[in-house]
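What follows is a set of notes on a single structure, which appears directly below.
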Ligand code: GLU
């Protein structure tokens with residue numbers, strides 16, 4: 001059997017990380033087994049679905065490197081097929097028309113509440129003769145769900161889960177306006193698309209019982225189900241804005257690399273021994289459903305930052321430079337021309353050792369685009385007192401004469417200068433760093449100067465010295 005999984009988001013909001021993780025798991029599972037991973041946009045809620053949300057989904061999946069097979073299926077285009085299945089269920093006697101008005105249904109719920117029963121449809125029209133149907137009243141179509149026995153799902157993560165059929169009511173398949181319900185559409189689409197494994201959040205478990213009834217009524221085989229425990233905030237509460245980033249776009253904004261986010265989401269709720277840092281190839285090789293844990297996971301932003309640092313150090317310098325430049329280009333207080341880009345690229349090996357996010361990386365790289373005169377942090381200012389300026393004045397001459405102007409040559413020049421003036425190397429490097437960056441941190445001072453280039457170094461030194 002060829003494995004076919006799907007990701008079936010509703011385009012009504014963000015690409016939440018719970019969904020993103022479901023997409024990743026479905027993707028990895030399909031790729032691990034040489035199967036297919038397809039995308040279905042569940043846009044049947046026409047009022048809440050937006051093109052923007054569809055774009056966010058496409059964009060987010062592409063960014064995470066989760067390429068789907070074939071063209072995406074838009075659920076709303078399949079309404080005729082959904083209605084056709086309902087007609088078949090009617091013919092089989094597995095569905096019936098319900099003429100209850102909204103008022104009657106509200107009264108039914110009210111009564112159940114008063115009697116402290118869960119609000120369920122009471123089956124008013126289940127066994128009534130169609131000839132009793134009122135004239136001209138719109139009707140919904142409901143599934144004639146089994147009333148006895150149990151519905152059992154052998155979930156690949158949760159184990160066997162069951163519910164007494166008496167606890168479930170006759171769900172609506174087609175609304176009175178003729179539109180299919182979500183429960184129906186998902187079943188028909190999963191069946192028609194040949195989905196073998198449905199992996200989704202365990203908030204869908206009650207839907208699964210109801211969907212199983214539709215499969216059985218049609219005489220279709222059920223797919224395998226794997227319900228994933230949800231992701232909570234670090235405090236164990238439902239993940240919310242208060243906890244910080246929660247959508248894929250938020251993480252990108254915050255400077256997380258997609259491979260770090262995928263690696264993190266994979267490890268959140270799935271494990272394989274003590275494997276921690278896994279690239280895509282290793283993920284595909286190792287992923288399987290038996291590694292998925294049963295308890296909810298807690299989002300750990302610190303751990304994500306740590307993993308991001310690891311992935312940044314592994315990332316290609318050109319790619320990181322492009323990401324940094326995109327951010328610097330947003331700032332009109334900086335230059336961001338080709339010269340600046342070349343400086344950032346030259347500094348990248350040093351910069352990426354220290355930053356945990358692309359935001360930090362861009363911040364630490366921003367001195368490369370500063371315009372003169374610089375402004376200084378109070379700490380940097382301290383290194384630019386009389387002593388500092390004396391050092392800079394002395395170095396100006398040496399650096400102007402240095403040939404070639406390389407990191408190595410700069411290093412020897414600074415050391416020789418320190419020795420000559422009986423100074424510690426720090427006493428030479430710190431004023432220089434302050435003059436170059438306006439701060440007290442940068443990659444190695446020799447690399448920093450080499451990346452800026454002689455002309456810029458001299459211009460920055462001169463701009464802090466008295467005219
Ligand atoms: N469209 C549903 C959602 O976004 C998912 C349906 C499913 O995976 O079966 O929650």
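In full-length UniProt numbering, the protein residues as written are 1 to 467.
Here a beta-carbon is modelled for each residue, glycine too, at the ideal position from N, C-alpha and C.
- Among the bridge pairs identified by DSSP, residue 439 is matched with none.
- By the neighbour-count criterion, in which a residue is buried when 16 or more other Cβ atoms sit within 10 angstroms of its Cβ, residue 1 is exposed.
- Put simply, the stretch 9-26 touches the stretch 37-50. At least three CB pairs are less than 8 Å apart.
- Here residue 282 carries a helix assignment [DSSP, helix/strand/coil].
- Note on residue 313: under 16 other CB atoms within 10 angstroms of its CB, so exposed under the neighbour-count rule.
- Judged by DSSP secondary structure, residue 163 falls within the beta strand (DSSP E) whose first and last residues are 159-164.
- Within a 10 Å sphere around the beta-carbon of residue 366 sit 16 or more other beta-carbons, which makes this residue buried.
- For residue 198, the shortest separation between its Cβ and any heavy atom of ligand 1 lies below 7 Å.
- At a cut-off of 4 residues, the continuous stretches assigned as alpha helix (DSSP H) that sit fully inside the stretch 20-77 are 51-63.
- The three-state reading of DSSP puts residue 96 in strand, counting E and B together.
- Between the beta-carbon of residue 263 and that of residue 307 there is about 6 Å, and that keeps the pair under the 8 Å contact cut.
- When DSSP states are grouped into helix, strand and coil, residue 175 belongs to the coil group.
- Cβ-Cβ distances below 7 Å link residue 400 to 458 in the same chain, with the five nearest sequence neighbours on each side left out; the list follows chain order.
- By the Cβ test, the stretch 87-100 is not in contact with the stretch 58-71, since fewer than three Cβ pairs between them sit closer than 8 Å.
- Within the same chain, 227 come within 6 Å of residue 205 by CB-CB distance, once the 5 residues on both sides are set aside.
- Out of 265, 269 and 292, the CA that lies nearest to the CA of residue 279 is found in 265.
- The C-beta separation of residue 57 from residue 24 comes to about 14 Å, leaving the pair out of contact by the 8 Å criterion.
- Across the structure, residue 104 and residue 271 are spaced so that their CA atoms are roughly 51 Å apart.
- Here residue 411 has 446 as same chain residues with Cβ atoms under 7 Å from its own Cβ, once five neighbours each way along the sequence are excluded.
- Per DSSP, the continuous beta strand (DSSP E) segment holding residue 201 begins and ends at 197-201.
- Here the stretch 26-39 makes no contact with the stretch 80-88; the two share fewer than three CB pairs at distances below 8 Å.
- Distances from the CB of residue 188 to the heavy atoms of ligand 1 are all 7 Å or more.
- Under the 8 Å Cβ criterion, the stretch 189-199 counts as touching the stretch 213-223, having at least three qualifying pairs.
- In the three-state scheme derived from DSSP, where H, G and I count as helix and E and B as strand, residue 102 is classed as helix.
- Below 8 Å, too few C-beta pairs join the stretch 226-243 and the stretch 333-352 to call them touching: fewer than three.
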